[in-house]
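Asks:
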Amino acid sequence: RQERGLVLRLDVTVRYGVNIPEAVHSAQDRIKTQVEYMTWMTVTDVDIFVRGIVADAKS
Numbered sequence: 395r396q397e398r399g400l401v402l403r404l405d406v407t408v409r410y411g412v413n414i415p416e417a418v419h420s421a422q423d424r425i426k427t428q429v430e431y432m433t434w435m436t437v438t439d440v441d442i443f444v445r446g447i448v449a450d451a452k453s
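Below, the structure is given as structure tokens:
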């Protein structure tokens, strides 16, 4: 049986030096929580794809 709910897919760019696995996991949790809170819909997946890394503007 297939679970029903929203599947979110995001393409992101991160700053150089960011712990990518930690940042992605944290973002997935926050996005899932907030979307479910705002929509009253179940979020089954939050897929985040890191498409690029940029240098900090201060560097």
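Residue numbers for the sequence shown follow our numbering, so the first one is 395 and each next one is one higher.
Just so it is clear, CB atoms sit at the ideal spot from N, CA and C, and this is done for glycine as well.
1. Provide the residue span of the beta strand (DSSP E) that contains residue 424, from first to last.
2. When you compare each of 442, 448, 449, 450 to residue 404 by their alpha carbons, which one comes out closest?
3. One question on the structure: do residue 450 and residue 402 come within less than 9 Å of each other, judged by their Cβ atoms?
4. Taking the C-alpha atoms as reference points, what is the distance between residue 430 and residue 448?
5. Could you spell out where the beta strand (DSSP E) holding residue 446 opens and where it closes?
Replies: Considering the structure as presented:
1. Against the sequence shown, residue 424 aligns to sequence position 30. Per DSSP, residue 424 belongs to no beta strand (DSSP E); it is in the alpha helix (DSSP H), 414-433.
2. Within the sequence shown, residue 404 is the residue found at index 10, counting from 1. The residue among 442, 448, 449, 450 with its C-alpha nearest the C-alpha of residue 404 is 442.
3. To locate residue 450, count along the sequence shown from 1; it is residue 56. To locate residue 402, count along the sequence shown from 1; it is residue 8. No.
4. Counting from 1 along the sequence shown, the entry for residue 430 is found at position 36. Counting from 1 along the sequence shown, the entry for residue 448 is found at position 54. When rounded, the distance between both Cα atoms is 30 Å.
5. Residue 446 sits at position 52 when you count from the first residue of the sequence shown. From DSSP, the beta strand (DSSP E) with residue 446 extends over 437-448.
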